[in-house]
Amino acid sequence: MDVKQVSGGRAGVVGGGPRGGGAVGSTGRWMEAVISASFVLLLIAAMARFLTHHPGAPDTWWVIALTSLLAVAYVARPAADGEIPASWRRAWLGTFVLGWVVLVLQAPSFAWSAVAIVYTALQLLPTRAALALITVLTVLVVVAQVRINGPDPLLVVVPPVVAGLAATVFVHMQRQSARQRSLIEDLVQTRRVLASSQRRAGMLAERERLSMEIHDTLAQSLSSQLMLLQAADRLWDGDPAAAHRHMATASEIAERNLVEARRFVHDLAPADLAGGGLPEALRTLARRESATGSAAGGPAGGPAVRFRIDGEPVPLPPAVEAGLLRVAQGAVANVREHAHADEAVLTLSYLEEDVVLDIADDGRGFPPGQGAAQRTASHRGHGLPAMEARLRQLGGTLTVESRPGEGTVVSAAVPLRTDRTAPAPDEE
209 MDVKQVSGGR
219 AGVVGGGPRG
229 GGAVGSTGRW
239 MEAVISASFV
249 LLLIAAMARF
259 LTHHPGAPDT
269 WWVIALTSLL
279 AVAYVARPAA
289 DGEIPASWRR
299 AWLGTFVLGW
309 VVLVLQAPSF
319 AWSAVAIVYT
329 ALQLLPTRAA
339 LALITVLTVL
349 VVVAQVRING
359 PDPLLVVVPP
369 VVAGLAATVF
379 VHMQRQSARQ
389 RSLIEDLVQT
399 RRVLASSQRR
409 AGMLAERERL
419 SMEIHDTLAQ
429 SLSSQLMLLQ
439 AADRLWDGDP
449 AAAHRHMATA
459 SEIAERNLVE
469 ARRFVHDLAP
479 ADLAGGGLPE
489 ALRTLARRES
499 ATGSAAGGPA
509 GGPAVRFRID
519 GEPVPLPPAV
529 EAGLLRVAQG
539 AVANVREHAH
549 ADEAVLTLSY
559 LEEDVVLDIA
569 DDGRGFPPGQ
579 GAAQRTASHR
589 GHGLPAMEAR
599 LRQLGGTLTV
609 ESRPGEGTVV
619 SAAVPLRTDR
629 TAPAPDEE
């Protein structure tokens, strides 16, 4: 998942730290332009008033020069903000305010341009320092207006009210902006953590899928191959022909394992399903396991496996066919390794709403609660737990019935309706 970098606005800490130093976004540049233009217009208006009220005054030339210098300095500052350290910007503000105070003392009409300076102070200074400076500027404005117009309650009240409102609105906006930036950073971090969790969950799911696939195919086939080779070794001197048959069967199993391994690499369906549907694959599995058990010497090597089909076969989704085949392979392997059975029967039943695969054996069985306890304590993570996991992914259920001495029946049921069938692990 891609995470976009969020930027824009001025960097700063509201409530204590300075606000300068960050690049302004389009809204910030627009605001800077409006305030700069307002400041310049206020300076021009104040200078025009000074010239009309004091024509030919000896200090006119330096008033014009200082006014022009302040206008240029204020307009040029935003463009250089990102390249000037915060300490130099504060020094600039101090010098700028000092020049403005000189103008106000000479011509009180320049006091109204303090509105723009209030914004600049709030932008460049910590909040408390900015509020202190604004208080001083407000006092100067009040004094200047009293000098021009005499004592007037309105002129004494209006400047503090305007300054207070401007400072309150600006500080509130800065706090809202800081809170928004914090929320955006939290959101970005949460998305990164979520993406990492999703990647890890996907890796674990794929690892579990491959583990089940290898257990139900390659591992079981290698076990059969080992039994055949051991049987061939025992018969090598006494019955060479039988030993060669076992070797040929083991070679066929090795070849099939190679095909399965290649299909794992390319993420294809099980090899037994390549030549037909599920019934044919189960029939092939029964023949192969029967031949392996017979070659290895009866129940000790594996049971005789038969296949039956009930009902009219219907097309099944590839994921369901692959899942039921893997369940059959795992169940037959459990019978061969643990049940000590003489016979096992695979029954594939097509019902009205479900397809059911039963694997029944006449082995030694186990107490009703022992299977669940063994699954809970198992460290292998395969066998019955793997079957249950596969059927959960398909929207199906697994039922195990067993009693000591009466064999075991493993029943896997999957709904025939495709809208109730969950995707296979590699399709998620």
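209 is the number of the first residue of the sequence shown in the working numbering; add one for each residue after it. Glycine included, every Cβ here is placed at the ideal spot set by N, Cα and C. Computed from a predicted structure; not experimentally measured.
So SER619 is in the beta strand (DSSP E); what residue range does that whole segment cover?
-> As a first step, residue 619 must be located in the sequence shown, where it is residue number 411. Here the beta strand (DSSP E) through SER619 covers 616-623.
Could you give the distance in angstroms between the alpha-carbon of ARG600 and the alpha-carbon of ARG514?
-> Residue numbering aside, residue 600 sits at position 392 when the sequence shown is read from its first letter. Residue numbering aside, residue 514 sits at position 306 when the sequence shown is read from its first letter. Approximately 27 angstroms between the Cα atoms of the pair.
Buried or exposed by the 16-neighbour rule on C-beta atoms within 10 Å, applied to SER321 | Mapped onto the sequence shown, residue 321 falls at position 113. Buried.
Could you give the residue range of the alpha helix (DSSP H) that holds VAL535?
-> Here residue 535 is taken as the residue at index 327 of the sequence shown, counted from 1. It spans 526-542 - the alpha helix (DSSP H) in which VAL535 sits, taken as one unbroken run.
For ALA315, does the three-state DSSP call read helix, strand or coil?
-> Locating residue 315 in the sequence shown gives position 107, counting from the first residue. Three-state result, ALA315: coil.
Output the distance between the C-alpha atoms of ALA580 and ASP566, rounded to the nearest integer angstrom.
-> Here residue 580 is taken as the residue at index 372 of the sequence shown, counted from 1. Here residue 566 is taken as the residue at index 358 of the sequence shown, counted from 1. At ALA580, the pLDDT of 48 sits below 50, so the modelled position is not reliable and the matter cannot be decided from this model.
Where DSSP assigns a beta bridge to LEU554, which residues make up the other side?
-> Along the sequence shown, one-based indexing puts residue 554 at 346. For LEU554, which the question treats as bridged, DSSP gives the partners PHE515, ILE567.
Kindly indicate the opening and closing residues of the alpha helix (DSSP H) around LEU559.
-> As a position in the sequence shown, residue 559 is number 351, starting the count at 1. Where LEU559 is concerned, there is no enclosing alpha helix (DSSP H), given that its DSSP letter is neither H nor E.
Where are the alpha helix (DSSP H) runs, 4 residues long or more, that stay fully inside the region 407-456, in chain order?
-> 428-443
Go through its chain and collect everything with a Cβ distance to GLU561's Cβ below 8 angstroms, but skip five positions before and after it.
-> Numbered from 1 along the sequence shown, position 353 holds the residue referred to as residue 561. Counting only Cβ-Cβ distances below 8 angstroms, and skipping sequence neighbours, we find PRO623, LEU624, ARG625.
Pick from ALA409, ILE342, ILE422: whose alpha carbon is nearest that of VAL379?
-> Taking the first residue of the sequence shown as 1, we reach residue 379 at position 171. Among ALA409, ILE342, ILE422, the Cα nearest to that of VAL379 is on ILE342.
Where does LEU333 land, buried or exposed, given buried means 16+ other C-beta within 10 angstroms?
-> Stepping through the sequence shown from its first residue, residue 333 is reached at position 125. Buried.
Check whether the Cβ atoms of ALA494 and VAL564 sit closer than 8 angstroms, and answer yes or no.
-> As a position in the sequence shown, residue 494 is number 286, starting the count at 1. As a position in the sequence shown, residue 564 is number 356, starting the count at 1. No.
Considering only C-alpha positions, which residue in the set ASN542, GLU463, LEU436, ILE325 is nearest to VAL450?
-> By one-based count along the sequence shown, residue 450 stands at place 242. Correcting the residue identity first, residue 450 is Ala in this sequence and not Val. Considering only alpha carbons, the answer is LEU436.
Is VAL310 helix, strand or coil by DSSP?
-> For the purposes of this step, residue 310 is taken as residue 102 along the sequence shown, with counting starting at 1. Three-state DSSP puts VAL310 in a helix.
Cβ-based neighbour list, ALA499, same chain, cut-off 8 angstroms, excluding 5 preceding and 5 following | Position 291 of the sequence shown holds residue 499. Hits under 8 angstroms: THR457.
How far does the alpha helix (DSSP H) with LEU599 in it reach, from first residue to last?
-> Position 391 of the sequence shown, counting from 1, holds the residue named residue 599. Taken as a continuous stretch (DSSP letters only), the alpha helix (DSSP H) holding LEU599 covers 592-601.
Residues of its chain near GLU642, where Cβ-Cβ distance is below 6 angstroms and the 5 sequence neighbours each way are ignored = Because the chain is modelled from 209 through 636, residue 642 falls outside the range shown and cannot be assessed.
Cβ-Cβ distance between VAL553 and ARG611 below 8 angstroms | Here residue 553 refers to the residue found at position 345 when the sequence shown is read from its first residue. Here residue 611 refers to the residue found at position 403 when the sequence shown is read from its first residue. No, Cβ-Cβ distance for VAL553 and ARG611 is not below 8 angstroms.
Got a sec, what are the start and stop residues for the alpha helix (DSSP H) VAL323 sits in?
-> Start at 1 with the first residue of the sequence shown, and residue 323 comes out as number 115. It spans 322-332 - the alpha helix (DSSP H) in which VAL323 sits, taken as one unbroken run.
Reduced DSSP secondary structure (H/G/I, E/B, other) of GLU609 = One-based indexing of the sequence shown puts residue 609 at position 401. If DSSP states are grouped into helix, strand and coil, GLU609 belongs with the strands.
Check whether the region 323-339 touches the region 290-309, taking contact to mean three or more Cβ pairs, one atom from each stretch, closer than 8 angstroms.
-> yes
Once you ignore the five residues that flank ALA462 on each side, which residues in its own chain have a CB closer than 7 angstroms to its CB?
-> In the sequence shown, residue 462 corresponds to position 254, counting from 1. The residues are GLN433.
Report the rounded CA-to-CA distance for ALA294 versus VAL248, giving the unit in angstroms.
-> Taking the sequence shown and counting its residues from 1, one reaches residue 294 at position 86. Taking the sequence shown and counting its residues from 1, one reaches residue 248 at position 40. Rounded to whole angstroms, ALA294 to VAL248 spans 24 angstroms at the Cα level.
Local conformation of HIS546 per DSSP, three classes = Position 338 of the sequence shown, counted from the start, is the residue given in the question as residue 546. Three-state DSSP puts HIS546 in a helix.
Which value, in whole angstroms, describes the spacing of the CA atoms of SER317 and PRO367?
-> Position 109 of the sequence shown, counted from the start, is the residue given in the question as residue 317. Position 159 of the sequence shown, counted from the start, is the residue given in the question as residue 367. Their Cα atoms are separated by approximately 13 angstroms.
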